[in-house]
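In the numbering used here, the protein residues as written are 5 to 266. Ideal Cβ positions, reconstructed from N, Cα and C, are used throughout, including at glycine. What follows is a short report on a single structure.
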Ligand code: HEM
């Protein structure tokens with residue numbers, strides 16, 4: 005009954021407003037924080053290909069827990085991708101609440117942002133646009149990784165990027181995620197006053213500089229990484245070796261000396 009009254013009047017029988025919007029805001033912040041920090045780790049791990057193919061192979065095997073399970077288990081990566089997918093969907097659902105529902109609402113928001121001339125208010129439009137794009141781009145990537153976790157590695161990933169045409173999607177996803185992620189983390193700091201210190205205005209200016217540096221850093225790292233996967237993928241396609249399994253150098257040396265792979 006109280007739900008019915010609140011549904012019609014927007015207030016409970018005790019004349020209180022629901023705390024639900026605040027709770028949903030909290031969930032949005034928490035899931036955003038997890039995803040933002042996850043993406044930093046993700047980009048550093050994926051960029052291991054810039055060091056060497058062997059290094060990327062070792063990182064992949066480490067994430068498959070090869071230190072406990074003989075040869076590693078891709079199932080662990082699928083489970084991690086599923087957990088991230090659930091957090092990703094929850095975050096998107098929370099974000100949807102803030103999108104304008106029709107053209108009139110959009111017009112009001114645009115006029116308000118332009119009129120205020122406030123950079124942070126304008127950032128909201130970037131968040132809405134990149135967030136919307138990630139709905140589709142991020143879902144495709146997460147689903148593929150979740151269902152093909154056994155095909156992650158120096159050759160398998162490169163073949164997916166080049167021969168399976170993932171590179172156009174990755175270019176768009178990389179742009180969306182790097183802008184959305186760093187703006188999101190910056191907004192979290194401002195919203196919850198994490199680094200306010202004694203002079204919140206000065207801290208905000210510093211946070212903005214850090215945000216810009218991080219965006220450039222992760223974009224440069226991301227595009228260099230993508231170029232590396234594309235190059236290996238192209239070489240495999242040219243050599244007609246698409247689909248071959250990567251054999252780490254240590255095993256090749258062992259094979260040459262003993263005649264069999266350990
Ligand atoms: C546990 C979850 C995830 C795993 C295991 C994972 C794994 C990977 C792997 C192995 C690659 C290299 C290319 C390939 O093999 O296809 C990659 C690239 C990429 N991933 Fe993820 N990913 C995950 C979640 C995400 C999420 C949530 C996003 C953003 C919404 C994302 C964005 C990207 C982007 C933009 C690239 C291209 C990066 C580049 O080449 O610079 N990933 N991911």
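*Closest Cα partner of residue 226 within the set 180, 169, 100 and 130*: Residue mapping note: residue 226 aligns to position 222 of the chain shown, counting from 1. Nearest C-alpha to residue 226: 180.
_Proximity winner among 239, 231, 167 and 33, relative to residue 96 (alpha-carbon distances)_ = Locating residue 96 in the chain shown gives position 92, counting from the first residue. Closest by alpha carbon: 33.
_C-alpha gap between residue 202 and residue 208, whole angstroms_ = The count along the chain shown starts at 1 and reaches residue 202 at position 198. The count along the chain shown starts at 1 and reaches residue 208 at position 204. If I take the Cα positions, the gap works out to 11 Å.
_Please tell me whether, using a cut-off of 7 Å, the distance from the CB of residue 207 to the nearest non-hydrogen atom of ligand 1 is below it._
In the chain shown, counting from the first residue as 1, residue 207 sits at position 203. No, since every heavy atom of ligand 1 falls outside the 7 Å radius drawn around the Cβ of residue 207.
*How would the residue list near ligand 1 read, in chain order, if you kept each one whose beta-carbon is closer than 5 Å to any heavy atom?*
50, 84, 85, 88, 142, 149, 156, 161, 164, 174, 177, 178, 181, 226, 229 and 230
*Does the pairing of the region 75-87 with the region 134-154 give three or more beta-carbon distances under 8 Å?*
yes
*asked:* To the nearest angstrom, how far is the alpha carbon of residue 104 from that of residue 74?
replied: Within the chain shown, residue 104 is the residue found at index 100, counting from 1. Within the chain shown, residue 74 is the residue found at index 70, counting from 1. Answer to the nearest angstrom: the Cα atoms are 51 Å apart.
*For the region 220-234 against the region 179-195, are there 3 or more C-beta pairs whose distance is under 8 Å?*
yes
*Taking C-beta to C-beta, are residue 141 and residue 177 nearer than 8 Å?*
Position 137 of the chain shown, counting from 1, holds the residue named residue 141. Position 173 of the chain shown, counting from 1, holds the residue named residue 177. Yes, these two residues count as a Cβ contact at 8 Å.
*Between the Cα of residue 58 and those of 194, 158 and 243, spot the shortest distance and give me the residue it belongs to.*
Taking the chain shown and counting its residues from 1, one reaches residue 58 at position 54. Minimum Cα distance to residue 58 is reached at 158.
*Kindly give me the distance between the Cβ atoms of residue 240 and residue 163, rounded to whole angstroms, as I take these residues to be in contact under 8 Å.*
As a first step, residue 240 is located in the chain shown; it is residue number 236 there, counting from the start. As a first step, residue 163 is located in the chain shown; it is residue number 159 there, counting from the start. Right, the Cβ-Cβ distance comes to about 6 Å (below 8 Å), so this counts as a contact.
*asked:* Within a Cβ cutoff of 6 Å, which residues of the same chain sit near residue 174, ignoring the five residues on either side of it in sequence?
replied: One-based indexing of the chain shown puts residue 174 at position 170. Excluding residues within five positions, the ones whose Cβ falls inside 6 Å are 230.
*Expressed to the nearest angstrom, what Euclidean distance is found between the alpha-carbon atoms of residue 11 and residue 167?*
Translated into the one-based positions of the chain shown, residue 11 becomes position 7. Translated into the one-based positions of the chain shown, residue 167 becomes position 163. Cα to Cα, residue 11 sits roughly 53 Å from residue 167.
*Going along the chain, which residues of its own chain have a beta-carbon closer than 8 Å to the beta-carbon of residue 130, five neighbours each way excluded?*
Here residue 130 refers to the residue found at position 126 when the chain shown is read from its first residue. Closer than 8 Å at Cβ, skipping near neighbours: 183, 184 and 187.
*So residue 298 is in the alpha helix (DSSP H); what residue range does that whole segment cover?*
The question about residue 298 has no answer, for the chain in this structure spans 5 to 266.
*Shortest alpha-carbon distance to residue 64 belongs to which of 261, 251 and 256?*
Position 60 of the chain shown, counting from 1, holds the residue named residue 64. Of 261, 251 and 256, the residue nearest in Cα terms is 251.
*asked:* By the three-class DSSP mapping on this structure, what secondary structure does residue 18 have?
replied: Along the chain shown, read from residue 1 onward, the residue named residue 18 stands at position 14. If DSSP states are grouped into helix, strand and coil, residue 18 belongs with coil.
*asked:* If I follow the unbroken alpha helix (DSSP H) through residue 61, where does it start and stop?
replied: Numbered from its first residue, the chain shown carries residue 61 at position 57. Element bounds for residue 61: 57-67.
*asked:* Once DSSP output is grouped into helix, strand and coil, what is the label at residue 101?
replied: Indexing the chain shown from 1 puts residue 101 at position 97. In this structure, residue 101 counts as coil in the three-state DSSP scheme.
*On a CA-only basis, which of 100, 220, 243 and 146 is nearest residue 90? Give me that one, please.*
As a first step, residue 90 must be located in the chain shown, where it is residue number 86. Per the Cα distances, 146.
*So what does DSSP say about residue 12, is it helix, strand or coil?*
The residue given as residue 12 occupies position 8 in the chain shown. If DSSP states are grouped into helix, strand and coil, residue 12 belongs with the helices.
*Can you tell me the Cα-Cα spacing of residue 165 and residue 237, whole angstroms?*
Within the chain shown, numbered from 1, the residue matching residue 165 stands at position 161. Within the chain shown, numbered from 1, the residue matching residue 237 stands at position 233. Going from the Cα of residue 165 to the Cα of residue 237 covers about 7 Å.
*C-beta atoms of residue 53 and residue 190 nearer than 8 Å*: Counting from one through the chain shown, the residue named residue 53 turns up at place 49. Counting from one through the chain shown, the residue named residue 190 turns up at place 186. Cβ atoms of residue 53 and residue 190: not closer than 8 Å.
_The alpha helix (DSSP H) enclosing residue 46, as first and last residue numbers_ = For the purposes of this step, residue 46 is identified with residue 42 of the chain shown, where counting begins at 1. Taken as a continuous stretch (DSSP letters only), the alpha helix (DSSP H) holding residue 46 covers 24-50.
*In three-state terms, what does DSSP make of residue 252?*
As a working mapping, residue 252 is identified with position 248 in the chain shown. DSSP places residue 252 in coil when its eight states are reduced to three.
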